[in-house]
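Single-structure report; data block below.
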Amino acid sequence: MPISLPIHGGGFILRKCVREDASFLGEIEFDLEVKQYLAIPKVPKPEWIENVRKIGISGFVIQMQDGRIAGRCSIRRGNRKGDKELSVVLAKQFWGSGLGVRVTKLLVQQAFEALSARALVAIVHPDNNASLRLVRYLGFRKRGVFTGQSWQAGHYIYRLPRKSRKNPPSRSGPVISKML
């Protein structure tokens, strides 16, 4: 069963990208603090924004209830059959707010329930302590290190099998919300 949008979470909405989101997402994507653990887009910012206006982004836009764009996230096919890979990128103004925890919990729920994922995967930069704490808090276990010529070489691979899914307390958990 596909995911039905929009999805309402704790103080935010996950929804499709629209043309008007492009500039806001461009500010996030090209912020060096946000991207210190992720790949920098290969095209100049104006071209990247125009591409998003034309074709959108894969995944979802994270919009706060007050209308502010907080970032983007996705659930995409993983390398193993039945696996789904999660990613979350937040604007730095939302770091430390608990939003990353809430968004990731919702993505985990959607991947297992709506998409019937067998397991979830998160690829995390080894120096991204906030994301490392987040995936561990949610029950993901380190399974290896990304190798090869990809920009993700050296990143840690974390996996959460469906059968070992943790149900963390309903509170927002530790203050962890940089990126996943």
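What the sequence shown shows, in the numbering used here, is residues 1 to 180, in sequence order. From the three backbone atoms N, C-alpha and C, an ideal C-beta is built for every residue, glycine too.
How big is the Cα-Cα spacing for glycine 59 and glycine 78? Note on geometry: alpha-carbon atoms of glycine 59 and glycine 78 lie some 14 Å from one another.
Taking 8 Å as the threshold (C-beta atoms), are glycine 100 and valine 108 in contact? For valine 108 and glycine 100, no; Cβs fall outside 8 Å.
Among Ala122, Glu29, Arg19, which has the Cα closest to the Cα of alanine 70? Taking only the C-alpha atoms, the option nearest alanine 70 is Glu29.
Tyrosine 158 lies in the beta strand (DSSP E); which residues open and close that run? From DSSP, the beta strand (DSSP E) with tyrosine 158 extends over 156-161.
Proximity below 8 Å, CB of arginine 162 to CB of alanine 119: With respect to the 8 Å criterion, arginine 162 and alanine 119 are classified as neighbours on the basis of their beta carbons.
Answer with buried or exposed for phenylalanine 123, where buried requires no fewer than 16 other C-beta atoms within 10 angstroms of its C-beta. The sequence shown places isoleucine at residue 123, rather than the phenylalanine named in the question. Classification of isoleucine 123: buried, given that the 10 Å Cβ count is 16 or more.
Cβ shell of arginine 53 (< 6 Å), same chain only, five flanking positions each side left out: Leaving aside the five residues that flank arginine 53 on each side, the residues in its chain whose CB is nearer than 6 Å to its CB run, in chain order, Arg19, Ala22.
Glycine 21, DSSP secondary structure in three states: The sequence shown places aspartate at residue 21, not glycine. The three-state secondary structure of aspartate 21, taken from DSSP, is helix.
Pick out the complete beta strand (DSSP E) segments inside the region 100-148, 3 residues or longer, and give them in chain order. Here the runs fully enclosed are 119-124, 141-145.
Relative to the alpha-carbon of isoleucine 57, which residue among Asp66, Leu14, Leu32, Ser97 has its alpha-carbon at the smallest distance? Distances from the alpha-carbon of isoleucine 57 to those of Asp66, Leu14, Leu32, Ser97 put Leu14 closest.
Report the rounded CA-to-CA distance for glycine 82 versus alanine 111, giving the unit in angstroms. In this structure, the alpha-carbon of glycine 82 lies about 10 Å from that of alanine 111.
What separation, rounded to the nearest whole angstrom, lies between the Cα atoms of serine 150 and alanine 39? Those two C-alpha atoms are separated by around 10 Å.
6 Å CB neighbourhood of glutamine 152 in its chain, flanking five on each side removed: Closer than 6 Å at Cβ, skipping near neighbours: Ile123, Phe146.
Under 8 Å between C-beta atoms, does glycine 144 make it to chain D? You won't find chain D in this structure, because it holds only one protein chain.
Proximity below 8 Å, CB of leucine 106 to CB of glycine 9: Yes; because the gap between Cβ atoms is below 8 Å, this pair is in contact.
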